[in-house]
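Data first, discussion second: the structure below is written as structure tokens.
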Amino acid sequence: MKLSLPKLCAAFVFSMVISSHAQVLLNFQLNGGIYSSPNGDQSYSGAAAIGQVGDVWNHLTLYDRSALTPTTGFVYSDGSAATGVSITNLANWDLSGAIIPSVTGNGILSSYMGASPSIAESTPSTLTIAGLTPGGSYNLYIIASSDHQGVGGIFSVNGSATQTLNGAAGANFTLGVDTLLFSVVADINGNINIAETATSVQYRVLNGIQLEAVPEPSTWALLGLGAMVIIGRISLRNRHARMQFPA
Numbered sequence: 006m007k008l009s010l011p012k013l014c015a016a017f018v019f020s021m022v023i024s025s026h027a028q029v030l031l032n033f034q035l036n037g038g039i040y041s042s043p044n045g046d047q048s049y050s051g052a053a054a055i056g057q058v059g060d061v062w063n064h065l066t067l068y069d070r071s072a073l074t075p076t077t078g079f080v081y082s083d084g085s086a087a088t089g090v091s092i093t094n095l096a097n098w099d100l101s102g103a104i105i106p107s108v109t110g111n112g113i114l115s116s117y118m119g120a121s122p123s124i125a126e127s128t129p130s131t132l133t134i135a136g137l138t139p140g141g142s143y144n145l146y147i148i149a150s151s152d153h154q155g156v157g158g159i160f161s162v163n164g165s166a167t168q169t170l171n172g173a174a175g176a177n178f179t180l181g182v183d184t185l186l187f188s189v190v191a192d193i194n195g196n197i198n199i200a201e202t203a204t205s206v207q208y209r210v211l212n213g214i215q216l217e218a219v220p221e222p223s224t225w226a227l228l229g230l231g232a233m234v235i236i237g238r239i240s241l242r243n244r245h246a247r248m249q250f251p252a
């Protein structure tokens, strides 16, 4: 099959975007694979709000209602090392566990970290994803409902306007129901700070986090330059061919 020049350029740009995307996706599951349930090990892998089949997840566990482990040694969705990335600033989380999700096999919603009504409704539960690119742009997906109506939280990221999840049984990565999307810029220290308060005097939960790096304008410029190089080389080759076979 012979591809036209525009199709070749489009294929080049598309392949570069997919390649870069796969290297910058970070997935975190809270308490996945640690707590058993009637459905067995709930360690999650693959796509959630974003992603693809086979994506790797980092499984975090809250011990003694205060200590999260691991906090370093994370990997990207392709299994490569997320060097320098860590979880810090953990505060006001006092619950963790597992439930039976109504969405079969959805380990994200079956394992959670949270806060009970014993923590004041307006007191934020916090965690920070550190070691990112200072000033880098990211899409941050927060998954929080534990498959329960009315269970979720009010979230803010790096001091942004708040977004609220109230949860719903049977939801499966639905924006505004069990999933939120924040477009956020890492601060000057390379941190993304997540804060969650309760929607009312009841439980707040956090099931999973997905972080996707957004290509900077300079990245798109390089992709465009690459496409122009391809166009130039093909045009030059065609010109030489015409010179060898004059009309």
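Residues 6 to 252 in the working numbering are what the sequence shown spells out, letter by letter. All C-beta atoms in this analysis are idealised placements derived from N, C-alpha and C, irrespective of residue type, glycine included.
| query | result |
| --- | --- |
| Status (buried if at least 16 other CB within 10 Å, exposed otherwise) for threonine 258 | Only positions 6 to 252 of the chain appear in the structure, and residue 258 is not among them; the question remains open. |
| Separation of threonine 131 from glutamate 217, as counted between CA atoms | 20 Å |
| Proximal residues to threonine 167 (C-beta, below 6 Å), its chain only, five neighbours per side dropped | Ile159 and Ser161 |
| Nearest candidate by alpha-carbon position, reference threonine 128, set Tyr208, Gln215, Leu65 and Leu186 | Tyr208 |
| N-terminal and C-terminal residue of the beta strand (DSSP E) that tyrosine 68 is part of | 63-68 |
| For isoleucine 124, the three-state DSSP class (helix, strand or coil) | coil |
| Whole-angstrom distance between phenylalanine 187 and glutamine 57, CA atom to CA atom | 20 Å |
| In DSSP terms, what glycine 213 is bridged to | Gln34 and Ile148 |
| Whole-angstrom distance between alanine 176 and leucine 31, CA atom to CA atom | 22 Å |
| Buried versus exposed call for glycine 213 [16 or more other C-beta atoms within 10 Å across all chains shown] | buried |
| Proximal residues to proline 139 (C-beta, below 8 Å), its chain only, five neighbours per side dropped | Ala191, Asp192, Ile193, Asn194 and Gly195 |
| Rounded separation between leucine 137 and leucine 73 - CA only | 19 Å |
| Helix, strand or coil at isoleucine 92 [DSSP, three-state] | strand |
| Alpha-carbon spacing of serine 151 relative to glycine 181, whole angstroms | 14 Å |
| Own chain, CB closer than 8 Å to alanine 200, minus 5 neighbours either side, in chain order | Pro129, Ser130, Thr131, Phe160, Ser161 and Val162 |
| Residue nearest to leucine 211 in terms of C-alpha spacing, selected from Gly89, Ala125, Ser91 and Gly157 | Gly157 |
| Classification of tyrosine 146 by the beta-carbon crowding that lies within 10 angstroms, buried from 16 upward | buried |
| Helix, strand or coil at isoleucine 113 according to DSSP, with G and I counted as helix | helix |
| Outcome for tyrosine 68 when other beta-carbon atoms lying within 10 angstroms are tallied against a minimum of 16 | exposed |
| Min CB distance serine 161 to chain B below 8 Å | The structure shown contains no chain B; it is built from a single protein chain. |
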